[in-house]
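**Q**
Numbering (my numbering), first residue to last: 783 to 981.
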């Protein structure tokens, strides 16, 4: 599944847009954030530079869409694995899976984190859609009704973002970050459930 722009695209336009996202992802994998320029993306995708700007306002907008396709791929993998019988097991499996994939592609992860956290206003809509998607996947992983579910999803989203920054930008060891998200997921869910019993 890919995110679509606000206008309806023809099959050819959608294919061209996906080629641009793929080209940006490949450049980010190879050289990180600085390696992704609209000119090089156009060359890699075999289109004119003006074509890139038809679909993406800025480099950060484009890389945020790369982040969206990345998030869909990772969470699709965890769905297929159907890991865990309890909400905590499913949630922590998802969080750890995201950390492990991000660790395998630290250069790409660093580039998309830089774009997603940009103050570039062209990123706003794509970032909102991405964050809502991640919240939805966290919610689906939990599965069962949890008190203050929206608060739980928001807190876990912030934990995940901090984990990816620590992994990609601060170069913390993968196992340390995996342990951190595992513990955070467990504590956040336990706190929500405990709050419900004392309310």
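Note that the Cβ used here is the ideal one computed from N, Cα and C, for glycine as well.
Between which two residues does the alpha helix (DSSP H) carrying residue 901 extend?
**A** Residue 901 sits at position 119 when you count from the first residue of the chain shown. Looking at the DSSP string, residue 901 is not in any alpha helix (DSSP H), and its letter there is neither H nor E.
**Q** Quick one: grab the DSSP three-state call for residue 828.
**A** On the chain shown, position 46 is the one that residue 828 refers to. DSSP places residue 828 in coil when its eight states are reduced to three.
**Q** At the level of alpha carbons, what is the spacing between residue 868 and residue 834?
**A** Indexing the chain shown from 1 puts residue 868 at position 86. Indexing the chain shown from 1 puts residue 834 at position 52. So the two alpha carbons sit approximately 44 Å from each other.
**Q** Around the C-beta of residue 828, are 16 or more other C-beta atoms found within 10 angstroms, so that it is buried, or is it exposed?
**A** Numbered from 1 along the chain shown, position 46 holds the residue referred to as residue 828. Per the 10 Å Cβ criterion, exposed.
**Q** In terms of residue numbering, what span does the alpha helix (DSSP H) encompassing residue 919 cover?
**A** Position 137 of the chain shown, counted from the start, is the residue given in the question as residue 919. Looking at the DSSP string, the run of the alpha helix (DSSP H) that includes residue 919 is 906 to 924.
**Q** Going by beta-carbon coordinates alone, are residue 969 and residue 894 separated by less than 8 Å?
**A** As a position in the chain shown, residue 969 is number 187, starting the count at 1. As a position in the chain shown, residue 894 is number 112, starting the count at 1. In this structure, residue 894 does not lie closer than 8 Å to residue 969 by Cβ.
**Q** What's the gap between the Cα of residue 946 and the Cα of residue 824?
**A** Taking the first residue of the chain shown as 1, we reach residue 946 at position 164. Taking the first residue of the chain shown as 1, we reach residue 824 at position 42. Roughly 28 Å between the two C-alpha positions.
**Q** Pairing CB atoms from the stretch 872 to 889 with CB atoms from the stretch 917 to 928, are three or more of them under 8 Å?
**A** A contact exists between the stretch 872 to 889 and the stretch 917 to 928.
**Q** Can you say whether residue 855 is buried or exposed, counting buried as having 16 or more other CB atoms within 10 angstroms of its CB?
**A** By one-based count along the chain shown, residue 855 stands at place 73. When all chains shown are included, residue 855 counts as exposed.
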